[in-house]
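Since the structure comes first, as structure tokens, the remarks are kept for the end.
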Amino acid sequence: MLLKDKVAVVTGGAGINGLGFATARMLAEQGARVVILDLAVADPQAAAARLGAEHLGLVADVTDKASCEAAVAAIQARYGRLDVLVNNAGITQPVKFLDLTGADYDRILDVNLRGTLYASQAVLPVMVAQKSGSIVCISSVSAQRGGGILGGPHYSAAKAGVLGLARAMAREFGGHNIRVNCLTPGLIATDINKGKIPEDKRQTILDGIPLARIGEPNDVAGCVVFLASDLSKYCTGVTLDVNGGMLIH
Ligand code: NAD
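Written out as structure tokens, the structure reads:
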């Protein structure tokens, strides 16, 4: 068990087909007590109940700082500690650069980037007091390529922002024994892209992936477990690609 007695929080973890829930399940399999944070509409309590009674689901909106702080207070009250945060909540939108509106920009930046800021700000005081912690931020290959497959330019910008924010946190909190790392997934089959890849585009995408398949949520979850656990205890500020070789650099 890599995470025995640890408490791990996953934002945006309620979607049963998503990266967050796959991650929550794998963290639980490794002994962690898992807290799933998500919007009310996604029903985080039901998702946590699937993992077992020792896990917790809480409604929280990562774009709302007070909501993140209230969630952390509830986690402290229940478990008295907090060891791992996975900044996974995210949304995307396929749109061309010149068609981007200010409202689109705000919406995508708010969840992906501001959400990473607020959730991290909420947990860091607890981790500092504990003198330990691991934060894993889910960026995207879109940040590195200037576009993944489906996200617009604002999504690329938000996910590139996540890389910068995470590296800055890694630098500032390393002295507190808190590690901050990023994953940059390529194309992974979840609800975010379900039914959105035209059949004629599918083969072209596969031709660009050396491992010759679209990723599955557990491909990402395994890398989160690695970064969350002491297996990676000398890694901070790292960006770990999980893209089947779609981008090798
Ligand atoms: P998903 O749509 O299944 O999951 C996203 C989750 O975030 C949902 O449960 C949703 O309710 C939640 N969420 C949205 N807004 C929120 C808010 N304001 N507060 C709290 N929760 C909120 O998508 P997914 O594919 O599992 O994506 C998970 C993460 O991985 C996202 O950050 C996404 O950008 C990133 N990502 C996905 C892929 C991919 O191909 N699937 C690739 C690269 C990066």
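Position 151 of the sequence shown, counting from 1, maps to 186 under this note's numbering, and the rest follow consecutively.
Beta carbons: idealized from backbone N, C-alpha and C, even for Gly.
Proximity test, residue i beta-carbon vs ligand 1 heavy atom, cut-off 7 Å
| i | result |
| --- | --- |
| L222 | yes |
| V53 | Checking the displayed sequence, the identity of residue 53 turns out to be Gly instead of Val. Answer for G53: yes, Cβ within range of ligand 1. |
| I244 | no |
| A256 | no |
| V171 | no |
| N123 | yes |
| V107 | no |
| D78 | no |
| A95 | yes |
| A203 | no |
| G181 | no |
Exposure of residue i, with buried meaning 16 or more beta-carbon neighbours within 10 Å
| i | result |
| --- | --- |
| Y269 | exposed |
| D276 | buried |
| T239 | exposed |
| K41 | buried |
| L266 | exposed |
| P129 | exposed |
| I71 | buried |
| F56 | buried |
| L133 | exposed |
| D118 | buried |
| V255 | buried |
| D235 | exposed |
| R214 | buried |
| T136 | exposed |
From the options, residue whose alpha carbon lies closest to that of residue i
| i | options | result |
| --- | --- | --- |
| I51 | A75, P252, A178 | P252 |
| V197 | Q80, A154, V260, N278 | A154 |
| G92 | N122, A108, G48 | G48 |
| N216 | G137, L86, V273, A157 | V273 |
| D99 | D73, I184, M281 | D73 |
| G87 | G280, L262, R68 | R68 |
| N122 | V163, A105, S175 | S175 |
| P245 | V119, K229, P233, L222 | L222 |
| G115 | Q156, A164, G137 | A164 |
| H284 | E89, A124, R180 | R180 |
| I126 | G257, A193, K39 | A193 |
| R113 | V44, D226, N228, I232 | V44 |
| L62 | V146, T219, K39 | K39 |
| K229 | I249, H211, G137 | I249 |
| H90 | P220, G137, E64 | E64 |
| G280 | G243, Q156, S264, A138 | G243 |
| T46 | A95, K166, M204 | A95 |
| A101 | Q156, Y190, R202 | Q156 |
| G182 | V76, A195, A224 | A195 |
Residue-chain proximity (residue i, chain B), Cβ-Cβ < 8 Å
| i | result |
| --- | --- |
| V146 | Of the protein chains in the structure, only one exists, and it is not chain B. |
Residue i: CB within 7 Å of a non-hydrogen atom of ligand 3
| i | result |
| --- | --- |
| L148 | The ligand content of the structure shown is limited to ligand 1, which means ligand 3 is not among them. |
Item to check | 3 or more residues per run - each beta strand (DSSP E) lying fully within the segment 164 to 225 | outcome: 168 to 173, 213 to 220
Checklist entry - Curious, which full-length beta strand (DSSP E) runs of at least 3 residues does the segment 63 to 97 contain? => result 68 to 73, 91 to 94
Item to check | Start-end ranges of the beta strand (DSSP E) lying completely within the segment 110 to 150, minimum 3 residues | outcome: 119 to 122
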